[in-house]
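Per this note's numbering: the sequence shown ends with 301, consecutive numbering throughout. We put the beta carbon where it would ideally sit given N, CA and C, even for glycine. Quantities reported herein were computed from a predicted structural model and do not represent experimental measurements.
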Amino acid sequence: MTQKLILGSSSKYRQSLLKRLQIPFTTLSPDIDENQLPDETPENYIERITKAKAEALKSKLDDNSILITSDQCATFDGIIIGKPLTKQKACEQLQSFSGKTVTFLTGLFTYSSLSLQSRYTLSEFKVSFRELSICEIERYIDLESPLDCAGSFKCEGLGVALFEKMEGEDPTSLVGLPLIETCKSLRQLDMNPLA
Numbered sequence: 107m108t109q110k111l112i113l114g115s116s117s118k119y120r121q122s123l124l125k126r127l128q129i130p131f132t133t134l135s136p137d138i139d140e141n142q143l144p145d146e147t148p149e150n151y152i153e154r155i156t157k158a159k160a161e162a163l164k165s166k167l168d169d170n171s172i173l174i175t176s177d178q179c180a181t182f183d184g185i186i187i188g189k190p191l192t193k194q195k196a197c198e199q200l201q202s203f204s205g206k207t208v209t210f211l212t213g214l215f216t217y218s219s220l221s222l223q224s225r226y227t228l229s230e231f232k233v234s235f236r237e238l239s240i241c242e243i244e245r246y247i248d249l250e251s252p253l254d255c256a257g258s259f260k261c262e263g264l265g266v267a268l269f270e271k272m273e274g275e276d277p278t279s280l281v282g283l284p285l286i287e288t289c290k291s292l293r294q295l296d297m298n299p300l301a
């Protein structure tokens, strides 16, 4: 029986990444409360949200589905940094990151409705920003409008011009779906992208 791959996300960025694996998939959008709980660490927050997305969608799966859910947050000085949503907030975020390092945490949860197996992983990726001028920040925001991106930049685009260096095992985790871990999880569930 061929398993169906389901991406539990409405994110165009995650959909674009998953297409790279050349496995047909469909999407479902989880409807959950993504607010951080009081005193919740970024790591615990990401795990809770990633798994909650899967729980919200399990009842919609066929008996032969593999579900992938993911969530990401940017952390700066141990505090979760959200999507800026406005130009002013994006400018403030990038000004505060100038010359400093932001850590991105990306949770990945895979679940098979056939075998009932599941796997959760957390990927960490660090981005060190170079010293940025106000003019550079404003120009970048005008050119790329990263208002829907945690940390106020798009690393797959011009955002890379803001960086001093990047550190991590899987650069796709920075965009929101760690493909190396996704492939590992899929292979464990008998869905090898290369088979």
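DSSP places T288 within a helical segment (H, G or I) once states are collapsed to three.
Contact annotation: G282 and R120 have beta-carbon atoms nearer than 8 Å. DSSP, reduced to helix, strand and coil, places R154 within a helical segment of the structure shown. Counting along the chain, I174 sits inside the beta strand (DSSP E) bounded by residues 171-182. Put simply, the backbone Cα of P136 is about 25 Å away from that of P299.
If you look at S122, you'll find it in the alpha helix (DSSP H) that goes 118-125. DSSP places S218 in the uninterrupted beta strand (DSSP E) bounded by 207-218.
The stretch 199-215 and the stretch 126-144 do not touch, with fewer than three beta-carbon pairs separated by less than 8 Å. In the assembly as shown, C241 is an exposed residue. Its beta-carbon has fewer than 16 other beta-carbons within 10 Å.
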